[in-house]
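Novice: Pasting a structure below so you can have a look.
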Amino acid sequence: MSFRLSLLAFAAAALPLGASAQDISLRLPVACEIGRTCFIQHYVDRDPGPAAQDYQCGTLTYEGHNGTDIRVPTTAAQRAGVDVVAAADGKVLRTRDSVEDVSIADRGRASVQNTECGNGAVVDHGQGWETQYCHMAKGSLAVKPGDSVKAGDRIGRIGLSGMTEFPHLHFTVRRDGKVVDPFAAGAPDKSCSGGTPLWDQATRQALAYQAGSVLNKGFATGPVSMEAIETGAAGREAPTTQSSALVAYVRAIGLKGGDVQTLTLFDPDGKPIAQNKAPPLDRDKAQWMAFAGIKRPAEGFQPGLYRAVYRVERDGRPAIEQAFGMNLRP
């Protein structure tokens, strides 16, 4: 029997205001820690028109996006294995587990026509509720149609299958065939906040809205590329006092047009020794990387704790700030 799991099969639509959202409670569908080992990259698009808007009137979505994207920091983390789990008790309706884990940046969108979801599963929770899990790793599915699952049971693992350029779970909630935003069920289109969150209490707290986050950070011995960060190669060689250079790097997600980013590196005495202040972003960016560093002085680097501080200023106010450090040893 042929099976189609498509990201594009349903347009985003709010849960009807008269329907109850209290007859389903969802847990986090990935076995990870939000803000540390996984991050929300995109929310449901709440704007029915050509624009895009998340449930907080932010920009962490794109036109027609019908689910929640939970990403892991690197492809190295994905290859190590991150479980996708059932968000609630239910019965598996459909699965697919035959799509290769290859980014569409490498093979093109046409290669995943009719298989946009990649390897995935659909679970029926009763009373019209369904959840869909997309982009899982080939060969990782642990369920089959007809299986009963409990909340937290393993369904598969995060992968890179279907229409995606980075490893993540695309998680969609539907009731009676209509997309429901699990962060704001029943909220009117284009509203800011409102509605009913479908997450259980513990998950709701973990998923507090963040208008941008630092996805990766660390230190390297030379210039850093986006590819090196994505694969986990950046920072694999730990700097020492005799390294040819000391470089701090970050990759952030959810940046907005006009954001001003500054990354400053401090020596053990607290003196700034390198800084990268980027010009305002020309448009919203799903992700962005920056690095700042200094070549080794003739006598080598001073041993001790080196710190880096990354700041994002948005509309004249601090939006993101993160500090990190490392002890430099001979």
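According to mature numbering (1 follows the signal peptide of the UniProt record, and there is no 0), the stretch in the sequence shown is residues -21 to -1, 1 to 309, in order. Note that CB positions come from ideal geometry on N, CA and C, so glycine has one too.
#1: So, with DSSP's three-state summary, where would you put residue 343?
#2: Have a look at D126 and D68 and give me their C-alpha separation to the nearest angstrom.
#3: Taking the C-alpha atoms as reference points, what is the distance between W108 and L72?
#4: Take the Cβ of T16 as the centre, count every other Cβ of all protein chains shown within 10 Å, and call the residue buried at 16 or more, exposed below.
#5: By the three-class DSSP mapping on this structure, what secondary structure does E109 have?
#6: Assess, as a yes-or-no matter, whether the stretch 233 to 245 is touched by the stretch 257 to 268 under the definition of 3 or more beta carbon pairs within less than 8 Å.
#7: Mind checking I49: buried by the 16 CB within 10 Å criterion, or exposed?
#8: Quick check: R75 and N93, are their CB atoms within less than 8 Å of each other?
#9: Under three-state DSSP, which class holds D80?
#10: Extract the residue ranges of the alpha helix (DSSP H) inside the stretch 186 to 217, only unbroken runs of 4 or more that lie entirely within it.
#11: Would you mind giving the Cβ-Cβ distance between T243 and R308, rounded to the nearest angstrom? I have them listed as a contact below 8 Å.
#12: Helix, strand or coil: which one does DSSP assign to S140?
#13: Are the beta-carbon atoms belonging to L225 and W267 less than 8 Å from one another?
#14: Below 6 Å CB to CB, which residues in the same chain sit around I299 once its five sequence neighbours on both sides are set aside?
#15: Report all residues from its chain with a CB closer than 6 Å to the CB of L120; omit the five preceding and five following residues, and keep chain order.
#16: Alpha helix (DSSP H) containing T16: first to last residue?
#17: Does the Cβ-Cβ distance between E144 and S90 come in under 8 Å?
#18: Measure the C-alpha to C-alpha separation of G249 and T175 and round it to an integer number of angstroms.
#19: Taking Q266 as part of the beta strand (DSSP E), name the residues at either end of that continuous run.
#20: Return the CA-CA distance between R230 and K196, expressed in angstroms with no decimal places.
#21: Contact defined as beta carbons within less than 8 Å: I believe A199 pairs with G214. What is the distance between those atoms, to the nearest angstrom?
#22: Check L(-5) in the structure and name its three-state DSSP category.
Specialist: According to the structure data:
#1: The question about residue 343 has no answer, for the chain in this structure spans -21 to 309.
#2: Cα to Cα, the separation comes out at about 11 Å.
#3: Each residue's Cα considered, the two are about 12 Å apart.
#4: Looking at its Cβ environment, which holds fewer than 16 other Cβ atoms inside 10 Å, T16 is exposed.
#5: Under the three-state reduction of DSSP, E109 is assigned to strand.
#6: Output reads yes: the stretch 233 to 245 touches the stretch 257 to 268.
#7: Its Cβ being crowded by 16 or more others within 10 Å, I49 is buried.
#8: No, these two residues do not count as a Cβ contact at 8 Å.
#9: Residue state, collapsed to three classes: strand.
#10: Counting whole runs of 4 or more residues, the stretch 186 to 217 contains the alpha helix (DSSP H) stretches 205 to 210.
#11: Taking C-beta atoms under 8 Å as the contact rule, T243 and R308 fail to qualify, at a distance of about 22 Å.
#12: Here S140 sits in strand by DSSP.
#13: Between L225 and W267, the gap from beta carbon to beta carbon reaches 8 Å or more.
#14: Excluding sequence neighbours, I299 sits near G191, V291.
#15: Annotation for L120: T74, D76, G135 place their beta carbon closer than 6 Å to its own, counting only its chain and skipping 5 residues before and after.
#16: From DSSP, T16 is part of no alpha helix (DSSP H); its letter is neither H nor E.
#17: With a cutoff of 8 Å on beta-carbon distance, E144 and S90 are scored as not near each other.
#18: So the alpha carbons of these two residues sit roughly 47 Å apart.
#19: Here the beta strand (DSSP E) through Q266 covers 264 to 274.
#20: In this structure, the CA atom of R230 is about 7 Å from the CA atom of K196.
#21: Correct: roughly 5 Å between the Cβ atoms.
#22: The predicted position of L(-5) is uncertain, since its pLDDT is 39 and thus under 50; a value taken from the coordinates is nonetheless stated next. L(-5): coil per DSSP, three-state reduction.
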